[in-house]
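Numbering of the sequence shown is given in my numbering, commencing with residue 265 and proceeding in unit increments. Here is the structure we will look at.
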Amino acid sequence: MTSNTSPGDVDPAVREELARLRDSIDNIDAAVVHMLAERFKCTQQVGHLKARHQLPPADQAREARQIARLRSLAENAKLDPAFAEKFLNFIIAEVIRHHESIAEDAVNGSAPTAN
Ligand SMILES: C=C(O[C@@H]1C=C(C(=O)O)C=C[C@H]1O)C(=O)O
Numbered sequence: 265m266t267s268n269t270s271p272g273d274v275d276p277a278v279r280e281e282l283a284r285l286r287d288s289i290d291n292i293d294a295a296v297v298h299m300l301a302e303r304f305k306c307t308q309q310v311g312h313l314k315a316r317h318q319l320p321p322a323d324q325a326r327e328a329r330q331i332a333r334l335r336s337l338a339e340n341a342k343l344d345p346a347f348a349e350k351f352l353n354f355i356i357a358e359v360i361r362h363h364e365s366i367a368e369d370a371v372n373g374s375a376p377t378a379n
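See below:
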């Protein structure tokens, strides 16, 4: 991509507004990372609980309820519901991968399912 304005030519007021917005973006990204880390801590515990009680890693009925709920929350928040669904599916796929691995470890006796 080409640009007509080199960084040195940018109006200082524009530069300041860009910096202010980017500060907020950085804060939001940090919050997202922390929230995701907390979510994965919970899902890891669910994975261990399922492994201990021989429950399957995935629960499609629960996923369908979550997707419907998230789509509705996204609509109210003026976020593209299709994007919200894709994002949740991406996270859930990773969680299921973790649960499969925890279940495999439990069967092979290679790790405790204490959490
Ligand atoms: C966390 C769970 O396991 C899986 C992962 C889910 C998730 O990340 O929200 C939801 C349903 C399950 O497919 C669960 O069953 O609650």
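Every residue, glycine too, gets a C-beta built ideally from N, C-alpha and C.
Check: residue i C-beta below 7 Å from any heavy atom of ligand 1
{"i": "Val-371", "result": "no"}
{"i": "Ile-360", "result": "yes"}
{"i": "Thr-377", "result": "no"}
Collapsed DSSP secondary structure at residue i in the structure displayed
{"i": "Asp-323", "result": "coil"}
{"i": "Ser-288", "result": "helix"}
{"i": "Ala-301", "result": "helix"}
{"i": "Ala-283", "result": "helix"}
Neighbour-count burial assignment, residue i, 16 or more Cβ in a 10 Å radius
{"i": "Gly-272", "result": "exposed"}
{"i": "Ile-292", "result": "exposed"}
{"i": "Ile-366", "result": "buried"}
{"i": "Lys-305", "result": "exposed"}
{"i": "Gly-311", "result": "buried"}
**Message:** Quick check on the DSSP output: what are the complete alpha helix (DSSP H) runs of length 4 or more inside the region 305–376, in order along the chain?
**Reply:** 324–340 and 345–372
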